[in-house]
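Working notes, beginning with the structure itself.
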Amino acid sequence: MLILTAALYVILLSILGGSKTAHADREANQDAFGVTDYGFQCFDRVYPKYAIYAAAKRYCDLTNRQQNSRYLGSKHTGYRNRFYFRTIGGDIDNIVNEPWNTLLPILQDGTLYPFEVKPELRLVKNSAGEMVRIDPGPDRLIIDLECNIIGAFSDLDYKTDPAKARVQTCTILESMEDNVRPLVSSSSPSS
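Sequence positions in the sequence shown follow mature numbering (1 follows the signal peptide of the UniProt record, and there is no 0) and run -24 to -1, 1 to 167.
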C-alpha cells in the first residue's frame, strides 16, 4: 500500500509539474484577444502592446469626434504624416503610401504626440526650464481606417524633408524576453 501511495504521488506531481511547464510560455503572452505579441522594438526603443493600443485608441477616439483631424497636413500636425514619394528601406513601402492609413508618432515614453492641438501649444519644458517644441521623434505607428494597428517603423529622415525618405521597419517582439535580449545593437539611426 505504501508503494502504491508513493507511486500515485510521483505520478500526480509529474502531471502537475509537466502541465505548468507546458503552458508557461503560452500564458505569458495571453490576453483577451488570445496569444498576441508583446509589442514593437524600433532600434533600442521598445513600445509594449499596452502603450501602443492606448495611443491608437486615443487617436481613434479623437478622429471619431473630429473627422477632419485624420486629414491634417504635416504643417499643422508638426511631423511628416504622408510620404508622397516612395520610401527607401523597410518592407512597408506599399502600406506607408496608402492614403487611408495614418502615420502616428509614438513618443519614447509610449504616449501619443499631441498632433490635435494647435502647433503653438505643443511645448514642453526642457532641463533648463525653457519652453521648447515637442519633438515627435522618428517612430511611427501605422493605423488603418478601422483603427487597426498595421505596423510600426522609424522615419530615419524625420528632421529633414528629402524627396525619398529612408525608413526602417520596427521589429515585432513576441515576448517580454525578446526585450531583454536586444534585437538590434544601434541606439540611434545611422545616416
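Positions of the beta carbon are idealized from the N, C-alpha and C atoms, including for glycine.
Item	Value
Would you call the stretch 32 to 47 and the stretch 94 to 108 in contact, with 3 or more CB pairs under 8 Å?	no
Could you round the C-beta distance between residue 128 and residue 117 to whole angstroms and report it? I think they count as a contact, below 8 Å.	5 Å
From the DSSP output, in three-state form, read off residue 43 for me.	helix
Distance, Cα to Cα, residue 169 vs residue -22?	Absent from the structure is residue 169, since the part of the chain shown begins at -24 and ends at 167.
Mapping the DSSP letters down to three states, classify residue 34 as helix, strand or coil.	helix
Whose C-beta lies closer than 8 Å to the C-beta of residue 125 among residues of the same chain, with five residues either side of it excluded?	28, 29, 32, 117, 118, 119
Please classify residue 141 as buried or exposed, where buried requires at least 16 neighbouring CB atoms within 10 angstroms.	buried
If you follow the alpha helix (DSSP H) that residue 51 is in, where does it begin and where does it stop?	50 to 53
Excluding sequence positions up to five away, which residues of its chain have a Cβ less than 7 Å from the Cβ of residue 21?	84, 115
Mapping the DSSP letters down to three states, classify residue 115 as helix, strand or coil.	strand
According to DSSP, which residues form a beta bridge with residue 100?	108
Taking the C-alpha atoms as reference points, what is the distance between residue 58 and residue 103?	32 Å
Just curious, the beta strand (DSSP E) that residue 120 is in, first and last residue?	Premise fails: residue 120 is in no beta strand (DSSP E) and is neither H nor E.
Please list the terminal residues of the continuous beta strand (DSSP E) segment that includes residue 82.	It is not in any beta strand (DSSP E) - residue 82 carries neither H nor E in the DSSP assignment.
Are residue 112 and residue 89 close, meaning C-beta to C-beta below 8 Å?	yes
Just reading off the beta strand (DSSP E) that residue 22 is part of, what are its end residues?	21 to 24
Can you list, in chain order, the residues of its chain with a C-beta nearer than 7 Å to that of residue 130? Leave out the 5 residues immediately preceding and following it.	18, 19, 114, 115, 143, 144, 146, 165
What would DSSP say about residue 128, mapped onto helix, strand or coil?	strand
Give me the Cβ distance between residue 38 and residue 92, rounded to the nearest whole Å; I'm assuming they're in contact under 8 Å.	6 Å
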